[in-house]
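Read through the structure below, which is laid out as structure tokens, and then see the notes.
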Amino acid sequence: MSALGELVEALRQVEERLDQVRGQLVQSRKSLAEAQSALAGLDPEHPETVVPPGLRRADDQIERTQGLVDHAVDTLRGFVTQL
Numbered sequence: 004m005s006a007l008g009e010l011v012e013a014l015r016q017v018e019e020r021l022d023q024v025r026g027q028l029v030q031s032r033k034s035l036a037e038a039q040s041a042l043a044g045l046d047p048e049h050p051e052t053v054v055p056p057g058l059r060r061a062d063d064q065i066e067r068t069q070g071l072v073d074h075a076v077d078t079l080r081g082f083v084t085q086l
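The numbering of the sequence shown is this note's numbering, which starts it at 4 and goes up by one.
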């Protein structure tokens, strides 16, 4: 296999791992939403007292990370295409 072929294969492996990360981030957001819902159900009249503010920040950070991963995948695919 040529050096270029090896590089393309390595980049495809990176893309696979980024796809795995993407799936894990989606599952993390779902789990956070479930936790938020369960906590809010403890005191439906005043959910702000039982849902920690950090939970919402964590969701924002996961969403931001998803955007970064998406951008990295797009950049990687563009690079491979140009090779």
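Quick reminder that beta carbons are idealized off the backbone N, C-alpha and C, glycines included.
Distance CB(residue i)-CB(residue j) smaller than 8 Å
{"i": "Val-29", "j": "Val-72", "result": "no"}
{"i": "Leu-3", "j": "Val-76", "result": "The question about residue 3 has no answer here: the residues shown for the chain are numbered 4 through 86."}
Residue i versus the options, residue with shortest Cα-Cα distance
{"i": "His-74", "options": "Gln-85, Leu-35 and Glu-18", "result": "Glu-18"}
{"i": "Ala-36", "options": "Phe-82, Asp-63, Ala-6 and Val-76", "result": "Asp-63"}
{"i": "Glu-66", "options": "Ala-13, Leu-79, Arg-20 and Gln-27", "result": "Gln-27"}
{"i": "Ala-61", "options": "Pro-50, Leu-42, Gly-70 and Arg-32", "result": "Arg-32"}
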